[in-house]
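Residue numbers (the UniProt record's numbering): 1 to 293.
Dropping the structure here:
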């Protein structure tokens with residue numbers, strides 16, 4: 001167990017500050033965030049060019065060092081060494097909270113192991129901002145972020161999410177939005193409540209609210225621009241395992257597979273589940289389901 005007192009003045013090391021930055025509107029920068037970034041010795045930025053625009057706007061003259069997903073292995077030991085020498089560092093991502101779909105977590109873990117103080121600042125977050133205006137139940141919620149870009153991995157991810165009762169939060173880039181929405185529709189059905197939240201806090205902020213079927217219709221009829229948060233309602237009535245067991249009792253293997261498919265699983269996941277329940281090889285159930293002799 002490790003206990004940290006964030007503002008212990010006796011610490012011999014520097015402090016790592018996790019500083020959120022605006023997700024669009026610069027007026028969402030907090031007074032505290034500006035103050036910390038002026039006071040620290042160094043700013044570890046995901047993209048120094050992007051962060052420099054922010055620093056210029058708020059007249060912050062603190063030096064920067066790059067820290068992004070492609071240089072973490074090299075950079076973390078260097079940053080830890082600086083912190084151990086008493087240098088305080090503010091870590092920022094391009095927008096929003098560090099570590100949330102952005103670099104930062106590995107550095108936090110390394111600091112904790114080295115007993116270096118980690119101080120988080122509150123601030124802008126796209127997922128929560130979208131959630132509270134989505135019209136979908138805000139709690140409980142399950143933040144997922146970006147789905148895998150690989151089709152099979154994405155299907156597997158969605159198969160694990162289909163029965164979750166919490167409201168789901170996803171991030172997506174404009175060029176992948178329609179494809180991701182169709183994957184959600186295929187896995188969850190088209191009647192789930194959904195909200196597409198575009199360009200949050202910016203001039204062209206927009207909310208498209210409806211069902212998955214309806215927001216796909218919108219996406220098919222427009223030029224898609226801007227970064228998106230996708231909010232999807234949870235499964236209000238997931239099929240519980242004991243109910244499935246009762247249903248399965250007098251059904252054939254094929255009918256059992258169909259029960260799982262109706263519950264939202266893919267054909268492959270359903271076949272695996274039935275095979276496991278009966279202690280059969282997956283191929284046996286596959287052949288039975290597809291009528292292969």
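From the three backbone atoms N, C-alpha and C, an ideal C-beta is built for every residue, glycine too. Since the structure is predicted, the reported quantities are computational estimates derived from the model, not experimental observations.
| Item | Value |
| --- | --- |
| Three-state secondary structure (DSSP) at residue 209? | strand |
| On the three-state DSSP scale, how would you describe residue 171? | strand |
| According to DSSP, simplified to helix, strand and coil, what is residue 193? | strand |
| Please report the Cβ distance between residue 23 and residue 136, rounded to the nearest whole angstrom; I am assuming they are in contact, meaning their Cβ atoms lie under 8 Å. | With 8 Å as the limit, residue 23 and residue 136 do not qualify as a contact, their Cβ atoms being about 19 Å apart. |
| CB-CB under 8 Å to residue 216, same chain, minus the five flanking residues each way: which ones, in chain order? | 178, 181, 182, 185, 190 |
| Can you tell me where the beta strand (DSSP E) holding residue 233 begins and where it ends? | Counting along the chain, residue 233 falls outside any beta strand (DSSP E), and DSSP gives it neither H nor E. |
| What is the rounded straight-line gap between the Cα of residue 40 and the Cα of residue 62? | 7 Å |
| Taking the alpha-carbon positions, what's the residue 236 to residue 165 distance? | 6 Å |
| From the DSSP output, in three-state form, read off residue 120 for me. | strand |
| State the Cα-Cα distance for the pair residue 285 and residue 263, rounded to the nearest angstrom. | 18 Å |
| Just grab the DSSP bridge partners of residue 45 for me. | 66, 92 |
| Start and end of the alpha helix (DSSP H) containing residue 298? | Residue 298 lies beyond the residue range present for the chain, which begins at 1 and ends at 293; the question has no answer from this structure. |
| Where does residue 145 sit, in a helix, a strand or coil, going by DSSP? | strand |
| Starting from residue 18, trace the beta strand (DSSP E) in both directions and tell me its first and last residue. | 16-18 |
| Looking at residue 54: is its Cβ nearer than 8 Å to the Cβ of residue 15? | no |
| Using the rule of at least 16 other Cβ atoms within 10 Å of the residue's Cβ for burial, across every protein chain shown, is residue 192 buried or exposed? | buried |
| Just the C-alpha distance for residue 85 and residue 116, rounded to the nearest angstrom, thanks. | 11 Å |
| Rounded to whole angstroms, what's the CA-CA distance from residue 114 to residue 106? Just pull it up for me. | 12 Å |
| Apart from the five residues on each side of it in sequence, which residues of its chain come closer than 7 Å, Cβ to Cβ, to residue 226? | 174, 198, 199, 204 |
| Do residue 89 and residue 83 come within 8 Å of each other at the CB atom, strictly closer than that value? | yes |
| Considering Cα atoms alone, identify which of 43, 112, 209 is closest to residue 87. | 43 |
| Give the DSSP-derived three-state secondary structure of residue 5 in the structure shown. | coil |
| Which of the three DSSP states, helix, strand or coil, is assigned to residue 31? | helix |
| Where residue 147 and residue 268 are concerned, what is the direct C-alpha to C-alpha distance, given to the nearest angstrom? | 19 Å |
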